[in-house]
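Numbering-wise (the working numbering), the sequence shown opens with residue 35 and increments by one.
Even glycine gets a Cβ: it sits at the ideal position worked out from N, Cα and C.
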Amino acid sequence: YFGDLSRTVVRGRASERLKEAYVTVQAGQEVAFREIRDGADGRAIHQKILALFEQRGFPTGRIGGRMQGFFHGTGHGLGLDIHEPPRIGATQATLRTGHVVTVEPGLYYIGMGGVRLEDVVLVTPKGNRNLTRYPKFLEI
């Protein structure tokens, strides 16, 4: 079975804007961790994260003629393939107990760089269990 993991790190000091983006992406992950459970709607979870990012000053869309912001899905299923249903993104998908999914919100802007944090969670009847044990830190 496949696993998946992403971390963003900066050698040295991160800019203030990148630090803000990092904290915002962490907050987006926390939204997903609170919402993922049996019967949850992946599209609704994704929309909540998009709204949070917008509220915190990180819009998504064509900026300067290029897609910037959070322009990929929040997550996807893992199993015999690295990317498989269910998706947590723009299309409707219902999460069920036993699904193993990624939670990988990200923000990407020309001139700032990008931030992505990705963990793997198991969907349970009343929530989820984070299977990722790797620490999160921005600066090294």
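By alpha-carbon positions, which one of the options ends up nearest to residue i?
i, options, result
"phenylalanine 105", "Phe171, Arg71, His80", "His80"
"isoleucine 122", "Ala48, Tyr168, Gly37, Glu69", "Glu69"
"valine 98", "Tyr35, Gly145, Gln126, Glu50", "Here the sequence assigns glycine to residue 98, which means valine is not the residue at that position. When each option's Cα is compared against that of glycine 98, the closest is Gly145."
"threonine 131", "Lys160, Gly62, Pro119", "Lys160"
"arginine 167", "Glu152, Glu50, Val157", "Glu152"
"aspartate 38", "Ser49, Leu86, Leu112, Leu141", "Leu112"
"glycine 62", "Leu114, Glu88, Glu50", "Glu88"
"valine 157", "Glu50, Val59, Gly76", "Gly76"
"threonine 136", "Thr58, Val44, Tyr56, Ala66", "Ala66"
"leucine 84", "Val134, Gly107, Arg47", "Gly107"
"phenylalanine 36", "His133, Leu141, Arg100", "His133"
"glutamine 60", "Arg71, Arg100, Ala48, Leu141", "Leu141"
"glycine 109", "Val154, Leu165, Arg45, Arg71", "Val154"
Looking at the secondary structure, which residues open and close the beta strand (DSSP E) in which residue i lies?
i, result
"leucine 156", "153-158"
"threonine 128", "Premise fails: threonine 128 is in no beta strand (DSSP E) and is neither H nor E."
"arginine 163", "161-164"
"tyrosine 143", "140-143"
"glycine 148", "147-150"
"valine 134", "134-137"
Buried or exposed: where does residue i fall if 16 or more other Cβ atoms within 10 Å of its Cβ makes it buried?
i, result
"alanine 74", "buried"
"phenylalanine 92", "buried"
"glutamate 138", "buried"
"valine 57", "exposed"
"proline 169", "exposed"
"alanine 124", "exposed"
"isoleucine 52", "Here residue 52 is leucine; the residue named in the question, isoleucine, does not match the sequence. Answer is buried; the Cβ neighbour count reaches 16."
"threonine 128", "exposed"
"glutamine 102", "buried"
Which two residues bound the contiguous alpha helix (DSSP H) that contains residue i?
i, result
"arginine 68", "50-69"
"arginine 77", "76-89"
Determine, using beta carbons only, whether residue i comes closer than 8 Å to chain B.
i, result
"arginine 100", "Protein chain content of the structure displayed is limited to a single chain, and chain B is not contained in it."
In the region 97-124, which residue ranges form an unbroken beta strand (DSSP E) of at least 3 residues, counting only runs that do not cross its ends? 100-102, 109-111, 118-122
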